[in-house]
Each structure stands twice: as C-alpha cells, then as structure tokens.
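Trainee:
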Amino acid sequence: MGRYSCALNDPLTRDDSTPAPRRHPAMATWQIDPAHTDVSFSAKHMMVTTVRGKFGAVEGTLALDEADPTRSSGEFRVATASVGTGFEARDNHLRSADFFDVEHHPWITFRSTRIEALGGDRYAVTGDLTIREVTRPVTFEVELLGFYRSMRGGRRVGFSATTRLDRKDWALTWNMPLEAGGWLVGDAVTLTIDVAADEVAPGGEVAPHDAA
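In this text, residue positions in the sequence shown follow the numbering used here: the first is 1, and each later residue adds one.
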C-alpha cells in the first residue's frame with residue numbers, strides 16, 4: 001500500500017504538550033524511530049474485502065526496565081493527517097469530519113497504564129487510547145523482539161503490538177448501507193504497531209538512525 005507523506009513542519013519534535021511517560025530512576029529512556037516504526041490498520045470493506053492503511057507520522061517515548069518489563073511504561077502518538085491507504089479519494093474521506101476530522105483532531109494518542117507478563121517474550125499492555133477526544137482503555141498483545149546494536153552503534157529495541165477495536169467506541173460512526181444488505185465499512189479494526197526505538201543517553205543524545 002502507498003504511504004501518505006504529511007508535511008508537518010516537524011511538530012512531532014517541537015510540541016512539548018505531551019508529557020513523558022513515568023520512569024523509575026533505574027529505567028532507561030528510549031525514543032521511537034519513526035523511520036523504522038510502522039502503524040497500520042485494517043478493516044472490512046463491503047463486508048467481503050479488506051482495506052489496509054498506515055499512519056506515516058509517529059512519535060513516542062518509552063521508559064524500559066529490562067530486568068522487569070512489567071514495570072516499563074510508554075506512550076506514542078500519530079498524526080491523523082498522515083493516514084494513507086493507497087487511494088487518494090479514500091484517504092481524503094478518512095481525513096474529513098466523517099472519520100478522523102484532522103482539522104480539529106490532529107493526533108491519536110496512547111499512554112500505557114499497566115503491563116502484564118503472558119509468558120516468554122509476550123506481554124499484555126493496557127492503556128488509554130484517545131481518538132477524536134474520546135479516551136477508552138485498550139489492551140495490546142505485545143511481543144518483545146529483543147535488544148540489539150544498530151549499524152551506527154546505538155542500542156535499539158524492537159517489538160510488535162496488536163489489538164482489535166470497535167471504531168464506533170471512538171465516535172468513528174460514519175457508514176453507508178449496501179443495497180444487498182450490510183454496511184460499506186466494517187466496525188472491527190485491527191491495529192498493528194511494529195516499533196524500533198533507540199536508547200537515549202543520559203545527556204539526552206540519541207545515536208544516528210540506520211539509513212536502511
């Protein structure tokens with residue numbers, strides 16, 4: 001699918017309105033690498049096909065306890081204007097007041113509130129998801145993929161998170177009836193986030209991102 005590229009004038013780095021996640025003194029801070037992080041979604045279309053899309057602009061901060069990941073916390077947000085499904089007319093509709101209403105609701109945010117171990121490298125991460133100023137709890141099933149060194153020498157962490165939502169719970173209610181019965185857009189949405197994050201040094205520096 002194509003990715004919509006949004007010219008944000010870099011508000012992701014300038015806007016300090018989103019507080020950093022809670023962190024224990026022993027924890028390290030990690031910054032999400034937007035170039036290697038993928039926020040994607042899928043939903044049924046006309047009841048039989050699946051539409052997939054992505055958000056191209058994402059930022060986030062994590063406070064990770066490597067010894068006990070359940071004590072970690074994190075948050076991320078995506079720019080609603082960066083939504084892309086590979087079809088311009090549909091993308092413009094998603095940005096309109098029928099769906100994300102990007103003019104009045106520029107961000108989708110998530111902040112973790114609880115992490116539970118599920119065994120192995122799997123965790124249940126519960127937190128508050130806000131869309132169109134509606135905040136509801138959701139739980140992601142997360143797989144911690146591991147820690148590694150980037151080609152530039154910095155420490156990185158990778159994980160994958162998935163959850164399933166009912167879009168109506170966040171005031172995303174637009175739909176159209178089909179002549180044969182049913183609805184144009186499915187209510188169930190699968191949200192998947194594949195994350196790469198860089199460790200932030202005590203002085204606040206982050207190692208340069210890998211080019212690939």
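The beta-carbon is built from N, C-alpha and C at its ideal position, and this holds for glycine as well.
Since the structure is predicted, the reported quantities are computational estimates derived from the model, not experimental observations.
Mapping DSSP to helix, strand and coil, what is Thr70?
Mentor: Helix, per DSSP.
Trainee: Could you pull the start and end residues of the beta strand (DSSP E) that Asp128 belongs to?
Mentor: Taken as a continuous stretch (DSSP letters only), the beta strand (DSSP E) holding Asp128 covers 122 to 131.
Trainee: Going by CA-CA distance only, name the one from Trp170, Phe147, Gly182, Ala180 that's closest to Ala67.
Mentor: Cα-wise, what sits closest to Ala67 is Phe147.
Trainee: Kindly indicate the opening and closing residues of the beta strand (DSSP E) around Glu103.
Mentor: Element bounds for Glu103: n/a, residue is neither H nor E.
Trainee: Any beta-carbon of chain B closer than 8 Å to the one on Glu66?
Mentor: Looking for chain B here will not work: only one protein chain is present.
Trainee: Cα separation between Ala35 and Gly56?
Mentor: So the two alpha carbons sit approximately 9 Å from each other.
Trainee: Between Ala197, Trp174, Asp121, which lies nearest to Asp98 when the distance is taken from Cα to Cα?
Mentor: Ranking Ala197, Trp174, Asp121 by Cα distance to Asp98 puts Trp174 first.
Trainee: If you count every other CB in all the chains shown that lies within 10 Å of the CB of Pro177, and 16 or more means buried, which is it?
Mentor: Under this definition Pro177 is an exposed residue.
Trainee: Check each candidate in Val138, Val195, Ser42 and name the one with the smallest Cα separation from Thr130.
Mentor: Looking at the Cα atoms, Val138 is the closest of the given residues.
Trainee: On the criterion of 16 or more Cβ atoms from any shown chain inside 10 Å, does Leu118 qualify as buried, or is it exposed?
Mentor: With fewer than 16 other Cβ atoms within 10 Å, it is exposed.
Trainee: Is there contact here, the stretch 121 to 135 with the stretch 94 to 112, by at least three beta-carbon pairs under 8 Å?
Mentor: Touching, yes, given that three or more Cβ pairs across the two stretches are closer than 8 Å.
Trainee: Which runs of the alpha helix (DSSP H) spanning at least 4 residues fall entirely within the stretch 32 to 99, listed in chain order?
Mentor: Entirely contained in the stretch 32 to 99, the alpha helix (DSSP H) runs reaching 4 residues are, in chain order, 88 to 95.
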